[in-house]
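Novice: Here's a structure for you.
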Amino acid sequence: MSKRNMEAGEDSVSKKKRVPRSGTQRKWTEMEEESIINYLKDTILSNREIEKPTALTYYKQLINQVGLNDLTAEKVKAKMANLKNGYLKAIDWRSKTGQGISHKGGNISVCFNFDSLDKIYN
Numbered sequence: 001m002s003k004r005n006m007e008a009g010e011d012s013v014s015k016k017k018r019v020p021r022s023g024t025q026r027k028w029t030e031m032e033e034e035s036i037i038n039y040l041k042d043t044i045l046s047n048r049e050i051e052k053p054t055a056l057t058y059y060k061q062l063i064n065q066v067g068l069n070d071l072t073a074e075k076v077k078a079k080m081a082n083l084k085n086g087y088l089k090a091i092d093w094r095s096k097t098g099q100g101i102s103h104k105g106g107n108i109s110v111c112f113n114f115d116s117l118d119k120i121y122n
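The opening residue of the sequence shown carries number 1 in my numbering; numbering runs sequentially from there.
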């Protein structure tokens with residue numbers, strides 16, 4: 001502990017510690033990701049709004065129809081937010097570099113589900 005910290009009455013115990021995440025993390029399979037993306041596409045094609053009447057109700061319906069019964073609506077909603085963030089990062093990267101988005105070959109893979117998400121969010 002430094003002299004200045006001692007004078008201020010601080011000690012090493014008063015530092016904020018990193019709080020561990022609650023719950024367990026889950027590795028999503030490609031098939032699961034494609035299932036929820038396809039459900040979103042079907043929602044749009046049938047002229048329904050995503051997350052209506054409420055987000056949790058919408059994701060509970062998704063879970064039941066897709067068969068992801070081991071998940072909660074909150075986890076599916078968080079996954080969709082992560083997929084959308086990845087898509088937005090890919091758009092941002094593409095606009096800054098002038099590169100195309102590619103899954104194979106010489107370009108860096110920025111967003112695995114870019115093409116599917118582009119049909120939803122574009």
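Think of the CB as a built atom: it goes at the ideal place given N, C-alpha and C, for glycine as much as any other residue. Since the model is a prediction, treat every value here as computed from it, not as a measurement.
Relative to the C-alpha of residue 24, which residue among 75, 88, 91, 119 is closest?
Specialist: It is 75 whose Cα lies nearest to the Cα of residue 24.
Novice: Judging by CA-CA distance, which residue of 41, 59, 96 is the nearest neighbour of residue 117?
Specialist: The shortest C-alpha separation from residue 117 is found at 41.
Novice: Can you check which of these residues, 59, 112, 87, 86, is closest to residue 77 by C-alpha distance?
Specialist: Comparing Cα positions, the closest option is 59.
Novice: I'd like the list of long-range same chain contacts for residue 80, defined as Cβ closer than 7 Å, with 5 residues on each side in sequence excluded.
Specialist: These residues qualify, in order along the chain: 36.
Novice: On the criterion of 16 or more Cβ atoms from any shown chain inside 10 Å, does residue 44 qualify as buried, or is it exposed?
Specialist: By the 10 Å Cβ count, residue 44 comes out exposed.
Novice: Would you mind listing the alpha helix (DSSP H) stretches within the stretch 52-86 that are 4+ residues and don't spill past its ends, in chain order?
Specialist: Here the runs fully enclosed are 55-66.
Novice: Helix or strand or just coil, what does DSSP make of residue 119?
Specialist: Note: residue 119 maps to helix in three-state DSSP.
Novice: How should residue 88 be labelled, buried or exposed, when 16 other C-beta atoms within 10 angstroms of its C-beta is the threshold for buried?
Specialist: It counts as exposed.
Novice: Report the residue from 30, 32, 114 whose alpha carbon sits nearest the alpha carbon of residue 86.
Specialist: Selected option, being the one with the closest Cα: 114.
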